[in-house]
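A.B. asks: The numbers in the numbering used here rise by one with no breaks, and the one at position 34 of the sequence shown is 34.
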Amino acid sequence: MTYALDVAGTCAVTGRPLPSSRILAIDPGYSCGWAVASADGKILDCGACPHDRFVVPAGVTVGCIEKPCVYPKGRARPNDLITLAYTAGQLAERVRAATRVAGDAAGVVLETFLPRQWKGTIEKEKHHALVKNVCTTDELVVISQRSKGLSKKALTDLWDAVAFAKWYAVKIRVRGKITKGRKAA
Numbered sequence: 001m002t003y004a005l006d007v008a009g010t011c012a013v014t015g016r017p018l019p020s021s022r023i024l025a026i027d028p029g030y031s032c033g034w035a036v037a038s039a040d041g042k043i044l045d046c047g048a049c050p051h052d053r054f055v056v057p058a059g060v061t062v063g064c065i066e067k068p069c070v071y072p073k074g075r076a077r078p079n080d081l082i083t084l085a086y087t088a089g090q091l092a093e094r095v096r097a098a099t100r101v102a103g104d105a106a107g108v109v110l111e112t113f114l115p116r117q118w119k120g121t122i123e124k125e126k127h128h129a130l131v132k133n134v135c136t137t138d139e140l141v142v143i144s145q146r147s148k149g150l151s152k153k154a155l156t157d158l159w160d161a162v163a164f165a166k167w168y169a170v171k172i173r174v175r176g177k178i179t180k181g182r183k184a185a
């Protein structure tokens, strides 16, 4: 599901103003990485946990979740991808249900993106290093605090979610300048 932003920077679907948007990015899996960012891409919170323990952070208005896919020369086993797709669906519905309960009849608008759509083909270590370089000191403090006690795998999932949230914030800001497929005046 997608949505468009009008020239004023409000979501055309929810009518919410972009400046107050809180973005939730999810890297699904058994170890679920997640990050919450402001509309300008500042990381407000993040974490990683088993997917069945994921609790939707309060105040989320828009979100994105990674969509599992099969790459022809990929290393992933097909049954693992089926399980991952099932988990992503569960997480997406959990986000929608939690936000419907919070008063939004439709729930949060979630978009799905293939891994290559948002991070390309760069290796994880290099990608995470690039993201760390654009994080502010305040963001690095939040990430460091939320990283304590995480396994190496969970830490990787957390950094993927942080990168995904930052990428998505840029994406929706750019779309905020586009109306009905044409550039705004």
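Where is the CB? At the ideal position from N, CA and C, for every residue including glycine. None of these values were measured; they are calculated from a predicted model.
Please report the distance separating the alpha-carbon of Phe54 from that of Lys73.
C.D. replies: What you label residue 54 is simply residue 54 of the sequence shown in a count that begins at 1. What you label residue 73 is simply residue 73 of the sequence shown in a count that begins at 1. Cα to Cα, Phe54 sits roughly 31 Å from Lys73.
A.B. asks: Return the first residue and the last residue of the alpha helix (DSSP H) that Ser147 is part of.
C.D. replies: Counting from one through the sequence shown, the residue named residue 147 turns up at place 147. Looking at the DSSP string, the run of the alpha helix (DSSP H) that includes Ser147 is Thr137 to Ser147.
A.B. asks: Have a look at the DSSP bridge pairing and note the partners of Gly63.
C.D. replies: For the purposes of this step, residue 63 is taken as the residue at position 63 of the sequence shown. Leu24 and Leu110, per the DSSP bridge assignment.
A.B. asks: Secondary structure at Leu155, three-state DSSP: helix, strand or coil?
C.D. replies: Residue numbering aside, residue 155 sits at position 155 when the sequence shown is read from its first letter. If DSSP states are grouped into helix, strand and coil, Leu155 belongs with the helices.
A.B. asks: For Leu91 versus Ile43, is the C-beta distance shorter than 8 Å?
C.D. replies: Looking up residue 91 in the sequence shown gives position 91. Looking up residue 43 in the sequence shown gives position 43. No, the pair does not count as a contact, with Cβ atoms beyond the cut-off.
A.B. asks: State the Cα-Cα distance for the pair Thr112 and Val141, rounded to the nearest angstrom.
C.D. replies: Taking the sequence shown and counting its residues from 1, the one referred to as residue 112 is at position 112. Taking the sequence shown and counting its residues from 1, the one referred to as residue 141 is at position 141. Looking at the two C-alpha atoms, the distance is approximately 28 Å.
A.B. asks: Whole angstroms is fine: what's the gap from Gly47's alpha carbon to Gly149's?
C.D. replies: Here residue 47 is taken as the residue at index 47 of the sequence shown, counted from 1. Here residue 149 is taken as the residue at index 149 of the sequence shown, counted from 1. Cα to Cα, the separation comes out at about 11 Å.
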